[in-house]
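First up is the structure itself, then whatever we jot down about it.
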Amino acid sequence: SFKDEEHFIESFGSGDTNNIIMLNVSGTMMATSRATLLLCEDSVLAQQFDDSKWTEQGSPSTRVKDWTPDDVTNWVKSVRDVPDDIAALFWENEIRGSELLALNERGLEMIGV
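Start counting at 1 in the sequence shown, then tack on 272, and there's your number in the numbering used here.
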């Protein structure tokens, strides 16, 4: 509805980003509300952005966008079938969580992946 859209814009403009999710969709940054992503309960996005599931799984409270280069490197190392030398590239380039979220194919090429 118009009221929902107005609330979304006000929240985004005021810096209240607790419920605003930035997505990199094929290199295009898009903003949406967490509630929108949770509409289809069985979807991958709903599961990824449902805070109650993160708590149940015992996930650390640090959001990806706040990850340090060490956090990013450790995550890359944990991804199955990704060689350690690829993780080293992320560490050497000091890729932070916010940069990881914005990486697209060109960005990966620029850091040597």
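C-beta atoms are modelled at their ideal positions from N, C-alpha and C, and glycine is treated no differently.
Check: Would residue 332 be called buried (16 or more neighbouring beta carbons within 10 Å of its own) or exposed?
Finding: With a pLDDT of 49 at residue 332, under the threshold of 50, the modelled position of that residue is not reliable, and the figure given next carries that caveat. With fewer than 16 Cβ atoms within 10 Å of its Cβ, residue 332 is classed as exposed.
Next item on the list: Please classify residue 346: does DSSP put it in a helix, a strand, or coil?
Entry: helix
Check: What is the C-beta distance between residue 379 and residue 338, in whole angstroms, given that I count them as a contact (C-beta under 8 Å)?
Finding: In fact, because the Cβ distance is near 19 Å, the residues do not count as touching under 8 Å.
Margin query: Using 8 Å as the threshold, is the C-beta distance between residue 344 and residue 361 below it?
Written below: no
Checklist line | C-beta contact flag for residue 311 and residue 304 at 8 Å | finding: no
Notebook entry, point to check: By Cβ distance below 6 Å, which residues in the same chain neighbour residue 317 in space, the five residues on each side in sequence not counted?
Noted result: 309
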